[in-house]
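Student: Below: one structure in structure tokens.
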Amino acid sequence: MRCILVLLIVATASAADDATFASQDVPAGLAPGRAHPVVVRMTNTGDSTWTQAAGFNLGSANPNDNQVWGTSRVALAADVPPGGVGVFSFSITAPATPPPWNFQWQMVHDGVAWFGAQSANLALMSELAVTVAPDAAMIRVPFHYDGFHYDPAVHRVSGIAADGATPLMPPCGSELKLALTVTSAGAERTVRVAATVTDFHGAKLADIAFDVTAPDGVAQTAAIAFTPREADRGPFTIAGTWTEVGGAASGTIEATLGQANRAVVINDYELVQWPDAGAALETA
-19 MRCILVLLIV ATASAADDAT FASQDVPAGL APGRAHPVVV RMTNTGDSTW TQAAGFNLGS
41 ANPNDNQVWG TSRVALAADV PPGGVGVFSF SITAPATPPP WNFQWQMVHD GVAWFGAQSA
101 NLALMSELAV TVAPDAAMIR VPFHYDGFHY DPAVHRVSGI AADGATPLMP PCGSELKLAL
161 TVTSAGAERT VRVAATVTDF HGAKLADIAF DVTAPDGVAQ TAAIAFTPRE ADRGPFTIAG
221 TWTEVGGAAS GTIEATLGQA NRAVVINDYE LVQWPDAGAA LETA
């Protein structure tokens, strides 16, 4: 009768190896083909010092040893004693596979075992680009006065510029448009826009809100439209924010659109009543 001895060897981490996740600096969106710097920080809460020579590294997780970011290991920049923080700085590039891409890491004692807490998982997306531009520029006319117009209700005198030939653009009552373009790579994304229109003096004229959905790899353009009234004074400012619906991306938008009155007011004056001196014109 023969006796067979089976020796089972299980690799386990040393009780002295432990770590907690401290923080990370990672962009919310990745531009295709561009390297983005990231930083992951892990705190040594064990009793052993982390060194390159001993095989301590930051390893890719979710799942372990994945190659989503082109490597499964990031080396230590310096030894990390107990209580110290290991700072792992490296660069990542958006993968060719469709997003989202999991970004998660954990300490590993190579040849021994994984140990400690994993970093907070980030489901990264491709960069979401939002741009704005006026549909048409304001025409500048030569400087020429065709007279003064006085409004006693507001004590305002305005000099009107016109050359009699160049058309003023746009005419009163026409629609002003701001072209907003959304570009998404890797996935269809929806952007929610909330903007306010103000006039030359900063008075609010309108609130604008709408959604724009951009298919994967296709730029989608929508118009932020506003029709000034006869009394509204330009140029007009459209300013606000855009946020990704169901995502983390966000930004601001701002643009100035041309004069929408029938005449372009080049100079603006206030009628000021001076004591014992009658009325005088003062530049506003």
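Okay, so the sequence shown: first residue is -19 according to my numbering, each after it adds one. Using N, Cα and C, we set each Cβ at its ideal position, and we do this for glycine too.
Which one or two residues does DSSP pair with Gly9 in a beta bridge?
Tutor: Here residue 9 refers to the residue found at position 29 when the sequence shown is read from its first residue. Gly9 pairs with Met105.
Student: Whole angstroms is fine: what's the gap from Gly227's alpha carbon to Ala186's?
Tutor: Taking the first residue of the sequence shown as position 1, residue 227 is located at position 247. Taking the first residue of the sequence shown as position 1, residue 186 is located at position 206. Cα-Cα distance, rounded: 27 Å.
Student: Can you tell me whether Arg14 is buried or exposed, with buried defined as 16 or more other CB within 10 angstroms of its CB?
Tutor: Taking the first residue of the sequence shown as 1, we reach residue 14 at position 34. Under this definition Arg14 is an exposed residue.
Student: Where does Val67 fall in DSSP's three states?
Tutor: One-based indexing of the sequence shown puts residue 67 at position 87. Strand.
Student: What are the uninterrupted segments assigned as alpha helix (DSSP H) that are 4 or more residues long and contained completely in the region 31 to 82, given in chain order?
Tutor: With a minimum length of 4 residues, no continuous alpha helix (DSSP H) run stays inside the region 31 to 82.
Student: Which residues in the same chain have their Cβ closer than 6 Å to the Cβ of Val54, if we skip the five residues on either side of it in sequence?
Tutor: The count along the sequence shown starts at 1 and reaches residue 54 at position 74. Once the five neighbours on either side are set aside, the close Cβ partners of Val54 are Leu38, Phe68 and Phe70.
Student: Straight-line CA distance for Phe206 to Gln98?
Tutor: Against the sequence shown, residue 206 aligns to sequence position 226. Against the sequence shown, residue 98 aligns to sequence position 118. Whole-angstrom Cα-Cα distance: 50 Å.
Student: Taking only three categories from DSSP, how would you classify Ser3?
Tutor: As a working note, residue 3 is residue 23 in the sequence shown. In the structure shown, Ser3 sits in a strand (DSSP, three-state: E or B).
Student: To the nearest angstrom, how far is it from the Cα of Val198 to the Cα of Pro78?
Tutor: The residue labelled residue 198 in the question sits at position 218 within the sequence shown. The residue labelled residue 78 in the question sits at position 98 within the sequence shown. Each residue's Cα considered, the two are about 15 Å apart.
Student: Distance, Cα to Cα, Ala(-1) vs Gly26?
Tutor: In the sequence shown, residue -1 corresponds to position 19, counting from 1. In the sequence shown, residue 26 corresponds to position 46, counting from 1. Roughly 6 Å separates the two Cα atoms.
Student: What residue from Ala203, Gly220, Thr170 and Thr176 has the CA that sits closest to Asp196's CA?
Tutor: Numbered from 1 along the sequence shown, position 216 holds the residue referred to as residue 196. Here the closest residue by C-alpha is Thr170.
Student: Measure the CB-CB distance between Arg21 and Gly66 and report whether it falls below 8 Å.
Tutor: If you number the sequence shown from 1, residue 21 lands on position 41. If you number the sequence shown from 1, residue 66 lands on position 86. Yes, these two residues count as a Cβ contact at 8 Å.
Student: What residue ranges within the region 153 to 196 form continuous beta strand (DSSP E) runs of no fewer than 3 residues, ordered along the chain?
Tutor: 156 to 164, 169 to 178 and 184 to 194, all fully within the region 153 to 196.
Student: Residue range of the beta strand (DSSP E) that Glu234 falls in?
Tutor: Indexing the sequence shown from 1 puts residue 234 at position 254. Glu234 -> beta strand (DSSP E) spans Ser230 to Leu237.
Student: Mapping the DSSP letters down to three states, classify Gly220 as helix, strand or coil.
Tutor: The residue given as residue 220 occupies position 240 in the sequence shown. Three-state DSSP puts Gly220 in a strand.
Student: Rounded to the nearest angstrom, how far is the Cβ of Ser230 from that of Thr236, given a contact under 8 Å?
Tutor: Residue numbering aside, residue 230 sits at position 250 when the sequence shown is read from its first letter. Residue numbering aside, residue 236 sits at position 256 when the sequence shown is read from its first letter. So it is not a contact: roughly 22 Å between Cβ atoms.
Student: In the DSSP assignment, what residue or residues form a beta bridge with Ala315?
Tutor: Since the first residue shown for the chain is -19 and the last is 264, residue 315 is missing from the structure and cannot be characterised.
Student: Output needed for Thr161: all residues of its chain with C-beta closer than 6 Å, excluding positions within five of it in sequence on either side, in chain order.
Tutor: Taking the first residue of the sequence shown as 1, we reach residue 161 at position 181. Closer than 6 Å at Cβ, skipping near neighbours: Thr111, Ala199 and Thr201.
Student: Which value, in whole angstroms, describes the spacing of the CA atoms of Gly9 and Ser40?
Tutor: By 1-based counting over the sequence shown, the position of residue 9 is 29. By 1-based counting over the sequence shown, the position of residue 40 is 60. For Gly9 and Ser40, the distance between alpha carbons rounds to 19 Å.
Student: Does the distance from the CB of Phe83 to the CB of Leu56 come in under 8 Å?
Tutor: Your numbering for residue 83 matches position 103 in the sequence shown. Your numbering for residue 56 matches position 76 in the sequence shown. No, the Cβ-Cβ distance between Phe83 and Leu56 is not below 8 Å.
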